[in-house]
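What follows is a set of notes on a single structure, which appears directly below.
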Amino acid sequence: MSEVPATRAIVVPPPGGPSVVAVLQQQYQDGLSQEIALSTASLTTGQNAFYVSLLNNTAGNMEVPNSLSLPSMTPDRLQREMEERMPGVEMETSLVYVQNRFGPFGFATGRSSTGDLCLYAWQKIEPGEPAIFVPGGAVSVRLRLCDADANVDQLLRVFYGYTIAAYYRQESWNPYGNPPSPPQHLGEKDAPMYPLGLGDSEGRASVVRRRTITERTRQITPSAQAPRRTIDKDTIVPAVPPPAATEPAASSGYPIVPPPPAQ
1 MSEVPATRAI VVPPPGGPSV VAVLQQQYQD GLSQEIALST ASLTTGQNAF
51 YVSLLNNTAG NMEVPNSLSL PSMTPDRLQR EMEERMPGVE METSLVYVQN
101 RFGPFGFATG RSSTGDLCLY AWQKIEPGEP AIFVPGGAVS VRLRLCDADA
151 NVDQLLRVFY GYTIAAYYRQ ESWNPYGNPP SPPQHLGEKD APMYPLGLGD
201 SEGRASVVRR RTITERTRQI TPSAQAPRRT IDKDTIVPAV PPPAATEPAA
251 SSGYPIVPPP PAQ
């Protein structure tokens with residue numbers, strides 16, 4: 001296993017972090033695996049990281065030296081992984097069905113002795129229908145993430161938003177399967193679609209929402225103003241200068257400066 005630049009990470013975390021600090025890579029004849037170390041803000045023993053394996057040929061021969069294998073995700077195997085990567089943390093597997101852009105995944109959460117919340121998530125991406133003659137490859141992803149201040153939703157956001165930034169230049173390599181069909185009502189009549197943020201479920205524009213905010217601002221503004229100071233009325237310049245004062249200024253060639261508003 002050797003260290004490679006962080007820009008060669010197979011998996012990229014979502015915008016906002018955690019950031020990639022180091023990447024350890026091991027090359028195989030039929031794939032590669034990486035341990036992508038992430039920035040860590042916890043007191044729990046261990047390093048936050050993505051553990052990724054990119055398999056080129058799912059029908060590889062295990063008897064060939066230096067070959068990569070992706071074992072099945074059994075509860076016993078996942079339990080051993082959590083004990084190895086998060087020692088001393090009692091993890092509880094969630095029974096809630098969840099999925100991200102790559103399909104369904106599983107996760108477990110637990111609280112360490114230092115009070116940090118920990119997440120361990122796992123996912124295997126492969127074609128739904130096995131290919132006999134032309135295997136399509138597979139991707140295995142694990143996430144070990146502990147944080148001192150985050151909640152479960154914030155930790156899960158990392159696994160929902162990660163991106164796979166690598167692939168094999170082979171037409172047969174496709175662990176994602178066929179692309180999904182277009183939306184059901186795409187191109188049909190009486191099925192309006194609005195840009196993000198410009199309409200709700202009933203098709204009403206959000207101008208009313210902005211108008212409501214403006215009215216509230218106008219109601220709050222007078223009370224938020226600083227107390228007015230007393231000014232002699234003789235020192236206040238009229239809001240509209242008399243016509244006699246306008247003509248000399250225009251004839252002198254200087255621009256007319258509007259007076260300040262009346263207090």
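According to the UniProt record's numbering, the residues represented by the sequence shown are 1 to 263, in order.
Glycine is no exception: its CB is placed at the ideal position from the N, C-alpha and C atoms.
* Would the beta-carbon of Y120 fall within 7 angstroms of that of M82? -> For the purposes of this step, residue 120 is taken as the residue at position 120 of the sequence shown. For the purposes of this step, residue 82 is taken as the residue at position 82 of the sequence shown. Contact flag set, yes.
* To do: May I ask you to list the residues that DSSP assigns as paired with I164?
  => Taking the first residue of the sequence shown as 1, we reach residue 164 at position 164. Paired residue(s): V11.
* Asked: Between which two residues does the alpha helix (DSSP H) carrying E83 extend?
  -> Taking the first residue of the sequence shown as position 1, residue 83 is located at position 83. Per DSSP, E83 belongs to the alpha helix (DSSP H) from P75 to R85.
* **Alpha-carbon spacing of S2 relative to D153, whole angstroms** => Here the question's residue 2 lines up with position 2 in the sequence shown. Here the question's residue 153 lines up with position 153 in the sequence shown. Approximately 34 angstroms between the Cα atoms of the pair.
* Using the Cα positions of S69 and L43, report the straight-line distance between them to the nearest angstrom. => Walking along the sequence shown from the start, residue 69 turns up at place 69. Walking along the sequence shown from the start, residue 43 turns up at place 43. Approximately 33 angstroms between the Cα atoms of the pair.
* List the residues that DSSP assigns as beta-bridge partners of F105. => Within the sequence shown, numbered from 1, the residue matching residue 105 stands at position 105. Per DSSP, V98.
* Any idea what DSSP makes of V20, helix, strand or coil? -> Reading the sequence shown from its first residue, position 20 is the one you call residue 20. The answer is strand: DSSP assigns V20 an E or B state.
* Starting from the Cα of D147, find the closest Cα among N178, I125, I256 and S112 and give me that residue. => The residue labelled residue 147 in the question sits at position 147 within the sequence shown. When each option's Cα is compared against that of D147, the closest is S112.
* Asked: V139 and P175: beta carbons closer than 7 angstroms?
  -> Translated into the one-based positions of the sequence shown, residue 139 becomes position 139. Translated into the one-based positions of the sequence shown, residue 175 becomes position 175. Going by C-beta atoms, V139 is nearer than 7 angstroms to P175.
* Return the residue from the list D116, G88 and A9 that minimises the CA-CA distance to Q34. => Reading the sequence shown from its first residue, position 34 is the one you call residue 34. With distances taken between Cα atoms, Q34 lies closest to A9.
* Where V141 falls: helix, strand or coil (DSSP) -> Numbered from its first residue, the sequence shown carries residue 141 at position 141. Strand.
* Could you work out which residue in L38, G128, A6 and A165 is closest to G177 when comparing CA atoms only? => As a first step, residue 177 is located in the sequence shown; it is residue number 177 there, counting from the start. Nearest C-alpha to G177: G128.
* Can you tell me which of the three DSSP states V89 falls into? => Within the sequence shown, numbered from 1, the residue matching residue 89 stands at position 89. Correct three-state label for V89: coil.
* To do: Output the distance between the C-alpha atoms of N57 and Q25, rounded to the nearest integer angstrom.
  => Working through the sequence shown from its first residue, we reach residue 57 at position 57. Working through the sequence shown from its first residue, we reach residue 25 at position 25. Each residue's Cα considered, the two are about 18 angstroms apart.
* Asked: In this structure, does DSSP put T235 in helix, strand or coil?
  -> Taking the first residue of the sequence shown as position 1, residue 235 is located at position 235. Because the pLDDT of T235 is 47, which lies under 50, any placement of that residue in the model is unreliable, and the number read from its coordinates should be weighed accordingly. Residue state, collapsed to three classes: helix.
* Limits of the unbroken beta strand (DSSP E) element including I256 -> Here residue 256 refers to the residue found at position 256 of the sequence shown. Careful: I256 lies outside any beta strand (DSSP E) and carries neither H nor E.
* Sequence-distant residues of the same chain with beta carbon closer than 6 angstroms to T163, five excluded per side -> For the purposes of this step, residue 163 is taken as the residue at position 163 of the sequence shown. The answer, listed in chain order, is V12.
* Would you call the CB atoms of A49 and R144 closer than 7 angstroms? -> Translated into the one-based positions of the sequence shown, residue 49 becomes position 49. Translated into the one-based positions of the sequence shown, residue 144 becomes position 144. Yes, the pair counts as a contact, with Cβ atoms nearer than the cut-off.
* **Separation of M193 from G187, as counted between CA atoms** => Indexing the sequence shown from 1 puts residue 187 at position 187. Indexing the sequence shown from 1 puts residue 193 at position 193. If I take the Cα positions, the gap works out to 10 angstroms.
* Asked: Which value, in whole angstroms, describes the spacing of the CA atoms of D149 and A41?
  -> In the sequence shown, residue 149 corresponds to position 149, counting from 1. In the sequence shown, residue 41 corresponds to position 41, counting from 1. Roughly 8 angstroms separates the two Cα atoms.
* **Sequence-distant residues of its chain with Cβ nearer than 7 angstroms to H185 (five each side left out)** => For the purposes of this step, residue 185 is identified with residue 185 of the sequence shown, where counting begins at 1. Cβ within range, chain order: A191.
* Rounded to whole angstroms, what's the CA-CA distance from F159 to P261? Just pull it up for me. => Translated into positions along the sequence shown, residue 159 becomes position 159. Translated into positions along the sequence shown, residue 261 becomes position 261. Going from the Cα of F159 to the Cα of P261 covers about 56 angstroms.
* Which of the three DSSP states, helix, strand or coil, is assigned to L70? -> Taking the sequence shown and counting its residues from 1, one reaches residue 70 at position 70. Residue state for L70 is assigned as coil, using DSSP reduced to three classes.
* Any C-beta of chain C sitting closer than 7 angstroms to the C-beta of R144? -> The structure shown contains no chain C; it is built from a single protein chain.
* At which residues does the beta strand (DSSP E) containing K189 begin and terminate? -> The count along the sequence shown starts at 1 and reaches residue 189 at position 189. Taken as a continuous stretch (DSSP letters only), K189 belongs to no beta strand (DSSP E), as it is neither H nor E.
* Mapping DSSP to helix, strand and coil, what is Q154? -> Here residue 154 refers to the residue found at position 154 of the sequence shown. Helix.
* Among the residues of its own chain, which have a CB less than 8 angstroms from the CB of S19, if the five just before and after it don't count? -> By 1-based counting over the sequence shown, the position of residue 19 is 19. So the qualifying residues of the chain are P13, L38 and S39.
* Determine the contact status of G46 and M86, defining contact as a CB-CB distance below 7 angstroms. => Locating residue 46 in the sequence shown gives position 46, where the first residue counts as 1. Locating residue 86 in the sequence shown gives position 86, where the first residue counts as 1. Yes, these two residues count as a Cβ contact at 7 angstroms.
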